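Last residue of the sequence shown: number 130 in full-length UniProt numbering, and the count goes up by one each step with no gaps.
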Amino acid sequence: VIIQTYTPRHPAIQAASRHDYWAFYQQEMAFRRKHWYPPISRLIRLLYLDNSADKAQREAQDLHQILTLKIARLGLPEINLIGPAPSFFSRLRGKSRWQIIIRGTDPGVLLKDLRLPLGWRVDVDPVSLL
Numbered sequence: 001v002i003i004q005t006y007t008p009r010h011p012a013i014q015a016a017s018r019h020d021y022w023a024f025y026q027q028e029m030a031f032r033r034k035h036w037y038p039p040i041s042r043l044i045r046l047l048y049l050d051n052s053a054d055k056a057q058r059e060a061q062d063l064h065q066i067l068t069l070k071i072a073r074l075g076l077p078e079i080n081l082i083g084p085a086p087s088f089f090s091r092l093r094g095k096s097r098w099q100i101i102i103r104g105t106d107p108g109v110l111l112k113d114l115r116l117p118l119g120w121r122v123d124v125d126p127v128s129l130l
């Protein structure tokens, strides 16, 4: 196997080159525990799409404010929000894309009884955040 990379000293590349899967697992799980990523927590990705970049940004900011207030009102310190921010692919097929990531032990509780406006997509335990 040949691997071409700009970061040959990256721990994942180093572990792969040594066939040391256990070292990779240990390093990756330590990173996930530190930053509270799955499987330590769960994620929900909220993605808003619209033809207008300004409207997409406004909608994401408005929903972020609603979610922040709900976190405070329900006393949910184990849930936090990442964003709002443009999606990695901020424009795709003519649509602007903004996202909010909900991270926590039970992030779904934040969406309970919440009616999302038209244009929002919800992805529970997303495979990708792109």
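Every residue, glycine too, gets a C-beta built ideally from N, C-alpha and C. Keep in mind the model is a prediction, meaning the values are calculated, not measured.
Beta carbon of residue i nearer than 7 Å to that of residue j
i: residue 98; j: residue 56; result: yes
i: residue 78; j: residue 94; result: no
i: residue 42; j: residue 126; result: no
i: residue 64; j: residue 100; result: yes
i: residue 31; j: residue 12; result: no
Supposed contact pair residue j and residue i - C-beta distance, whole angstroms, cut 8 Å
i: residue 124; j: residue 44; result: 5 Å
i: residue 130; j: residue 89; result: 6 Å
Cut-off 6 Å between Cβ atoms - residues of its own chain near residue i, not counting five sequence neighbours on either side
i: residue 48; result: 56, 59, 60, 98, 119, 120
Same chain, Cβ closer than 8 Å to residue i, five either side skipped, listed in chain order
i: residue 50; result: 56, 59, 95, 96, 119
i: residue 15; result: 21, 23, 24, 27
i: residue 39; result: 32
Cβ neighbour criterion (16 or more within 10 Å) applied to residue i
i: residue 74; result: exposed
i: residue 84; result: buried
i: residue 67; result: buried
i: residue 69; result: exposed
i: residue 87; result: buried
i: residue 110; result: buried
Cβ shell of residue i (< 7 Å), same chain only, five flanking positions each side left out
i: residue 53; result: 96
i: residue 36; result: 103
i: residue 5; result: 13
Closer than 6 Å: residue i CB and nearest the ligand COA heavy atom
i: residue 56; result: No copy of the ligand COA appears in this structure; indeed no ligand is present at all.
Residue ranges of each alpha helix (DSSP H) within the stretch 15-78, 4 or longer: 21-35, 53-74
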